[in-house]
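Numbering (our numbering), first residue to last: 181 to 516.
Note that CB positions come from ideal geometry on N, CA and C, so glycine has one too.
All figures in this text were calculated on a predicted structure; none of them were measured in a lab.
One structure is given here, and the rest of the page talks about it.
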């Protein structure tokens, strides 16, 4: 596939170079420190935290602060926050810098009603002037480079991303990541790659494409839009090696095969141990109920393993699941 290699993919955010242009997109409930470390091992050059509430940060909410666990070995790493009050965002930006992050990202992409109902996330797509003030306030509150993640638009009738991205650039955003769907689509329907091209033409700052990149072929399609980088989110869940494969393609090297079930099982267990180390067994296993299922997607006996993963209570339960995945053992569903 080396003949399809894009002419250039890579960008800088302040002093930080993302040489291959590959980053792990922020995902609520998924991109905890343990998962970020796993993806970085496989080639993600920039990782981003789960989004945290700017208001909660201002008041030192412990639960929100736990979302911002940062490893000393993570560099560069971005913190993502959401909110719609410039004054609150200014204070939150300073708090992020104190915690040692390298980049600060504003979420203007989350489509979840809980977030948009408070004016945050993709609701700001309908308030470009307010969004610009939010970016400006964050820049005032920190010396970190401020970036922004947006969606294609609010709805199919309002695909505002090119003009909105230009507004964010004028406000001082250093990069813009564009998810290829509208708020109305959430995570379904057609991904509009042409809109990414339009955003790239509208701004001079780096543009990072996000959405529907799950393998080398889909990365090729995204790269053909002219983006400077690719942020992989759901496409990296359960298959962090996608970064290795895309990097190999970008370097014109042979693309390695995906791991077999034994290695998948080992990675799932390594992740589980890392999550437990961060959060303790009780909370860690509840996080792994969600993350474990992605590792055995498409494997024989997956439905029973999925049912087992939904009932994980202890690290030993996860070890049993990993052993079954590695050996091909068929697990019986457990009683409710």
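Cβ atoms of residue 251 and residue 221: under 8 Å apart, would you say?
Not a contact, by the Cβ cut-off of 8 Å.
Tell me, to the nearest whole angstrom, how far the beta carbon of residue 361 is from that of residue 371; I am working on the premise that it is less than 8 Å.
That pair is a contact at about 6 Å.
Less than 8 Å between the beta carbons of residue 268 and residue 235, yes or no?
Yes, the pair counts as a contact, with Cβ atoms nearer than the cut-off.
How big is the Cα-Cα spacing for residue 181 and residue 189?
Residue placement at residue 181 is poorly supported in this model, since its pLDDT is 43, which falls under 50; the coordinates are not used for a value here.
Hey, would you say residue 291 sits closer than 8 Å to residue 302, going by beta carbons?
It is a contact, given that the beta carbons lie within the stated cut-off.
Name, in chain order, the residues that DSSP records as bridge partners for residue 204.
Residue 204 is bridged to 227 and 412.
Expressed to the nearest angstrom, what Euclidean distance is found between the alpha-carbon atoms of residue 410 and residue 500?
Using only the alpha carbons, I get a separation of about 36 Å.
At the 8 Å Cβ level, is residue 203 part of the contact set with chain C, yes or no?
Protein chain content of the structure displayed is limited to a single chain, and chain C is not contained in it.
Determine the DSSP secondary structure at residue 246, reduced to helix, strand or coil.
It is helical.
Would you give the residue range spanned by the beta strand (DSSP E) that residue 260 belongs to?
First-last of the beta strand (DSSP E) with residue 260: 257-262.
What three-state label does DSSP hand residue 390 in the structure shown?
Strand at residue 390.
Buried or exposed for residue 480, please, with buried defined as at least 16 other CB atoms from any protein chain shown within 10 angstroms of its CB.
Classification of residue 480: exposed, given that the 10 Å Cβ count is below 16.
Could you give the distance in angstroms between the alpha-carbon of residue 208 and the alpha-carbon of residue 416?
About 14 Å.
Select from 332, 325, 402 and 205 the residue whose C-alpha is nearest the C-alpha of residue 352.
When each option's Cα is compared against that of residue 352, the closest is 325.
Could you spell out the range, first to last residue, of the alpha helix (DSSP H) harbouring residue 579?
The question about residue 579 has no answer here: the residues shown for the chain are numbered 181 through 516.
Please name the residue, chosen from 449, 423, 455 and 388, that lies closest to residue 437 on a Cα-to-Cα basis.
With distances taken between Cα atoms, residue 437 lies closest to 423.
Based on Cα-Cα distance, which residue from 304, 320 and 488 lies nearest to residue 274?
Residue 274 has its Cα closest to that of 320, out of 304, 320 and 488.
What is the DSSP secondary structure of residue 233, reduced to helix, strand or coil?
Three-state DSSP puts residue 233 in a strand.
Express the C-alpha separation of residue 330 and residue 336 in angstroms, rounding to a whole number.
If you take the alpha carbons of residue 336 and residue 330, they lie about 15 Å apart.
Taking the DSSP output, what are the residues bridged to residue 191?
BP columns for residue 191 point to 198.
Run through DSSP, which three-state label would residue 366 get?
Of the three classes helix, strand and coil, the one that applies to residue 366 here is coil, per DSSP.
Among 196, 229, 396 and 504, which has the Cα closest to the Cα of residue 442?
Selected option, being the one with the closest Cα: 504.
Quick one: Cα of residue 203 to Cα of residue 439, how far?
Cα to Cα, the separation comes out at about 21 Å.
Tell whether a beta-carbon distance below 8 Å holds between residue 469 and residue 492.
In this structure, residue 492 lies closer than 8 Å to residue 469 by Cβ.
Among residues of its own chain, excluding the 5 on either side of residue 394, which ones have a beta-carbon nearer than 6 Å to its beta-carbon?
If we look at residue 394 and ignore the five residues flanking it on each side, its Cβ neighbours are 415.
According to DSSP, is residue 268 helix, strand or coil?
It is helical.
Grouping DSSP H, G and I as helix and E and B as strand, with all else coil, what is residue 455?
DSSP places residue 455 in helix when its eight states are reduced to three.
So the candidates are 201, 276 and 449; which of them puts its Cα closest to the Cα of residue 223?
The shortest C-alpha separation from residue 223 is found at 201.
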